[in-house]
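These notes concern the structure reproduced below.
Protein chains in written order, with this note's numbering: chain A, 1234 to 1627; chain B, 1234 to 1627; chain C, 1234 to 1627; chain D, 1234 to 1627.
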């Protein structure tokens, strides 16, 4: 992952930097860079994005916040035992894991934390700026891959941690991506500040499995004028995510995104519920069963069922790398505000955009093309490593 | 289904007119016209096609060829008992079923038929022209919804029945739609004549269930850069179709279309086979199981399975009505040759066109729009009821 | 269903007599008696029970309680439209449906009911006794097939309706079967009285679908020494039952039974939850998905999934007829107390008995045999139509 | 795996000794003996068999024949990469793998083999006897775990390899177990000799996945008097087994066993086919989908589907260990001829016995008990290590 002196490097600052997704991101980026694995699952490595001016995988530098303290190499070992990472890979990139591990700073608030919200934001922003300066990065993108928080309690309650991090990103002058259903930049306080900043942001809630399927099956029913009566789903998952989502409040946040995909693609909300069960025995593996009852011609009742068995971290990691690269390049070329061309990646996308996956893909490809054309003007203008820029955006 | 004197009426001539699909087409058209059921499954009844100048459902007149002699009302009764048609519907449209039944002529060749191929083509074309003239139809579309034939034996062997009918359509000056995997207009003899005619045609093999799914799931894997390793499928179906496809030669024709969808959308042919089993106990209902093994990031193995339980006749019938209307209108507006904008409907579409369902839908909508804009010029120019036109195309 | 004068007839008094299950019971009993359908699903019609001395289907007379007032023939019409009853059957047995309809008495307590619990019990018992006397029945069995009640609130709260009916059965001197998870005879008040009575009773919660499967799959894993880690399930159902079980309290009662089967057959309670979703679009049809994660040799993770698509009323009805016949005969031959040989039929069986389906079946067959051997002695001794017997048991 | 001098040791001679199943057997026996893993999947390690007098796992000594020459430790490495063996296990038992590897002799006939059938049998028998003598084993059991052979071509054709090995077992005086669908001892030539020998034998075709399920679901439908209309199945598997069974002749042998289970438990052969597809991408993992269409009360159509995802080697290995121990003990206690009490383990069991899994389990437990009671008499009488015994049985 060494870069020549002249090649600008880009930071990827992960909130939840010791989690399964983050560990897979760091391991995978190094493994693909080293040629150990093909870049399966990375859309930005397909020919359509060759000329988009994206930062190279070898130019990404990782750091982040986490409240846990399990070292990344150890975490990678656990993921290898669980079948998430292939045998031998974590060992092969041990140096890169150790390097990223050194760049992880304590997150918050932790139990008994006496710091005010402002102090926390300042501390987090300082961590990010320090990371950027020490590594002489051109810019850094903040990506939230932490466990899902419970839905917010409403006005007057403390800011959720995800929003503190989002505000820290703004303050450090960094683009922001929310890969989780947590509130982050959607909180009114953060949304106001985001609007006033000149920073691009994207989110929320990565579309990795059941919702990915729904984003192609919903349009299929709509395009064929078939009438969906009920769409029911059950998700079984272990790992930390299963436990976090066993909290009904956290699950509610997640399910809202899933429902939105159906409502947007079908034009109506069918009957049916979505369950998320914590099944520790499944480890990092997830099974999602969907049962769709629909009416055909003359009201004939038909049924489609889908069973998706995947590993969430392995599904999320390449998308996180895609998003970091696309958002970094968007920043470089002067984009600001919600990046609605990234709806392809999210359950509940910011901004306006189509809801079917195919249209979202077309929009993404168009966006990639426009990022390439924008080259030249943007880079100079918005480099955060230029004097007097980084950390003074707000 | 009465039409005012001034409203031009359009014939729908069904090859396999006493089969499940044809019976459902006739019953359903009448039931929707009468307001007994919403037009679920008919894409041409959605707002996108309001201004396409399509013939009204109430202006369609049905007839066709079949080698069987079970009366349509009786067949509709059987389909009602089997759950394909809702209780009461066939009875409510008994008059329309009887009317269509009167317009069904004996097909062929039958066992021991001594007529030459030319005589058969002539007889079939005469039947169609007679139908058009007696009903003073503006034009008629020939649609093949007969059982799948075995794949052709190659040069020198007799023309398959489906090709005889296709040639009869050409001779009668009628547009042609092949909803089955049979050879029809694809036979070199017919293909040559079709080229020389000024008639539009479409096909082949309606995309109703498993392949419909594949046409949205294939692009999903491709767009997400996920690597499909194996795609296996089993279809269980009863009814006449199950028995016909239990013949390996007939199944081969069908499976070629299914494979084409994967090859075109994935850009590669994955491992895996497709089975079609005749299971008489299932009647007109079909279960299709697909098992897709794919690699995610760093080669992690994941699996998607789909189970589709549908009624083929109920899935096919609205598409047949769509195709009849679109093809009739294409003829009216002067289109000729392969209608590649109709790839949305077929496993193995004629002409050039995208292979993902979403792009096919967009193309269909564009086509519908263009059909509306073409109005005026086409209708007068190509009416087959005008003097000296019908039946003299070849 | 006419019986000769000399043949003793047996009453089947259904709690929830206007529901789907009860309607299917009455329709089916008449249809099988008339030879319109084979007795599929009725274990008591298999050769193993030929000599058990069970009352003939043609000797069963139906009545019952319900708080609804939809006439049985109308209910049967709805079930026919929903595909639960085959077309034509309800019409063919219209007379029997009307006869049963005339024997249904208002249930309770209804909203605003001012009657005391004692008054209700007395009224219910009077209804049953009146039914027995008017038809000169040898005996009557009370069977609860009403919607599931919420789990009881504990000591001091009013007796649940199901328990009022159970007490009425005791007072009327009738054997009692609880086909639902409601409390019924399990309430301490009723349990005490049942013990003092000389009446047989059975229950609870019919094992019709998902739990039936669990009762054979659980033993399979245990016998093969495979280690089940997690057993998760989701049930989708419409009809009244779906709505009733959408109430978490009612679902809790049901799920306890499902869990018991796993605990008893596996010898341990695996991870995993069970969901019951109300999906009105499914009508009387139910889909149950089970996902079982188990360890094989050396800890290899494996998965079994089952999808059960059935119609609960059609699954329950033949079991209800079985139970009515077996319990009537048990009463006739002098059995009293919990009939633990009937565990084959229940999720949460009374008394002691094996939990695997196969052992339960063997026990049932043994019981059937013993019922046959007991003939002669029992009938005279326990006939409830003899002078001074009926209704004076308590 | 050290055994005290006085403890008699038992040989397990594996035909196909370098295959996945054999490698898993050797690895697993050592790992369980060393306490690295619990004996999941081994029925003989459950309390019911404590007093059966079975040889201890630590007293088993492995050897065998194979035509391949991949060393066992290397094969174990491949299985570890494929997820069949847990990480670290093969390394931990490297010594035991190497020891077994040294005891593997070249199988046959190989391509261009000029030896006659008699010469091959003699050579194989000599290998086995040599193994027994060198290790001073009390006895050895021959177990066929090689790839499935094509079904035999009938009278006059050469003896299949599996039968040559079976005859060698007889000649060496060893009990024989056929875990595959190959002909082995079922060939008339071998069957005749087996009858005349005093040796016990068992088989054939291990019941590990789809058929295991069928052996509990078939009885369920029968016991509930539900009428199975069609039972269809598809198996997807990679590994060597997938390739071997892609040969229709080999698949035919396998499917006959699967069908027998249905015919025996249902009392009728339902509609439906079974497919076995070679899907190399699945490696040693297998997916089996079953679709069962059945009629309930009044002919209502219902469906059960099962999806079994397992690792065949991990399912087979503990059963092979069970069978080796049970058969060795049966030999020790003087049993001869077909061991019909072992039907629990086989698709197509030798001898007479029940076909439902539960009854088979009960019979197995009874057999285990009788093996314990037989102790004393048998051991002395039948030890093959006694002077003049081994290899002279025929």
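Using N, Cα and C, we set each Cβ at its ideal position, and we do this for glycine too.
Treat the numbers as computed from the prediction; the structure is a model and nothing was measured.
Between the segment 1506 to 1524 of chain B and the segment 1542 to 1549 of chain B, do three or more beta carbon pairs fall short of 8 Å?
yes
Among 1494(B), 1306(B), 1502(B), nearest to residue 1578(B) - alpha-carbon criterion
1494(B)
List the endpoints of the continuous alpha helix (DSSP H) containing residue 1367(D).
1350 to 1367
Using a threshold of 8 Å, is the CB atom of residue 1569(A) nearer than that to any non-hydrogen atom of the ligand SAH?
The model on display carries no ligand, and the ligand SAH is accordingly not part of it.
Those runs of the alpha helix (DSSP H) which lie wholly inside the segment 1540 to 1600 of chain C and span at least 4 residues:
1545 to 1565
Any idea what DSSP makes of residue 1417(C), helix, strand or coil?
helix
Note the first and the last residue of the continuous beta strand (DSSP E) segment covering residue 1296(C).
1293 to 1299
With 16 other Cβ atoms within 10 Å as the buried cut-off, status of residue 1429(D)
exposed
Whole angstroms are fine: how far does the CA of residue 1541(B) sit from the CA of residue 1417(D)?
42 Å
Inter-stretch contact (C-beta, 8 Å, three-pair minimum) for the segment 1355 to 1366 of chain A and the segment 1404 to 1413 of chain A:
yes
Leaving out five residues before and five after residue 1553(C) in sequence, what residues of the same chain have Cβ atoms less than 7 Å from its Cβ?
1254, 1258, 1376, 1378, 1412
Are any of the Cβ atoms in chain A nearer than 9 Å to that of residue 1452(B)?
yes
What distance in whole Å lies between the Cβ atoms of residue 1380(B) and residue 1249(B), which are believed to be in contact at a cut-off of 8 Å?
7 Å
Chain C beta carbons: is any one of them nearer than 9 Å to that of residue 1333(D)?
no
Can you find a C-beta in chain D that's less than 9 Å from the C-beta of residue 1438(B)?
no
I'd like to know whether the C-beta of residue 1540(A) is nearer than 9 Å to at least one C-beta of chain D.
yes
List the residues that DSSP assigns as beta-bridge partners of residue 1422(A).
None; residue 1422(A) has no bridge partner.
Is the CB of residue 1604(A) under 9 Å away from at least one CB in chain B?
no
Are any of the Cβ atoms in chain A nearer than 9 Å to that of residue 1308(B)?
no
Bridge partner(s) assigned by DSSP for residue 1525(C):
1464(C), 1537(C)
Tell whether a beta-carbon distance below 9 Å holds between residue 1422(A) and residue 1468(A).
no
Might you give, ordered along the chain, the residues of its own chain that have their beta carbon closer than 6 Å to the beta carbon of residue 1246(B), omitting 5 neighbours on each side?
1296, 1297, 1361, 1373, 1375
Compare the Cα-Cα distances from residue 1302(D) to each of 1602(D), 1393(D), 1251(D) and report the closest residue.
1251(D)
DSSP-derived helix/strand/coil call for residue 1440(C)
coil
Assuming the contact rule is C-beta atoms closer than 8 Å, residue 1334(B) and residue 1288(B) should be a hit. Round their C-beta distance to whole Å, please.
Incorrect: roughly 22 Å between the Cβ atoms, too far for contact.
Short of 7 Å in beta carbon distance, which residues of its chain neighbour residue 1286(C), apart from the five on each side in sequence? Order them along the chain.
1562, 1604, 1605, 1608
Establish whether the CB of residue 1243(B) and some CB of chain A are separated by less than 9 Å.
no
Does any residue of chain C have a CB that is nearer than 9 Å to the CB of residue 1264(A)?
no
How should residue 1599(C) be labelled, buried or exposed, when 16 other C-beta atoms within 10 angstroms of its C-beta is the threshold for buried?
exposed
Throw me the rounded Cβ distance for the residue 1585(D) and residue 1573(D) pair, which I believe falls under 8 Å.
5 Å
Taking its Cβ as the centre, do 16 or more other Cβ atoms sit within 10 Å of residue 1242(A), making it buried, or is it exposed?
buried
Starting from the beta carbon of residue 1316(A), find every residue of chain D whose beta carbon is closer than 7 Å, and list them in chain order.
1316
Taking all protein chains shown into account, do 16 or more other C-beta atoms lie within 10 angstroms of the C-beta of residue 1502(A), making it buried, or fewer, making it exposed?
exposed
Residue-chain proximity (residue 1614(D), chain C), Cβ-Cβ < 9 Å
Note that residue 1614(D) scores 39 on pLDDT, short of 50, meaning its location in the model is unreliable; the coordinates nonetheless yield the value given after this. For residue 1614(D), the answer is no, since every Cβ of chain C falls outside 9 Å of its Cβ.
So the alpha helix (DSSP H) residue 1258(D) belongs to, where does it begin and stop?
1253 to 1266
Count the other CB atoms, across all protein chains shown, that sit within 10 Å of the CB of residue 1351(A); report buried if there are 16 or more and exposed otherwise.
exposed
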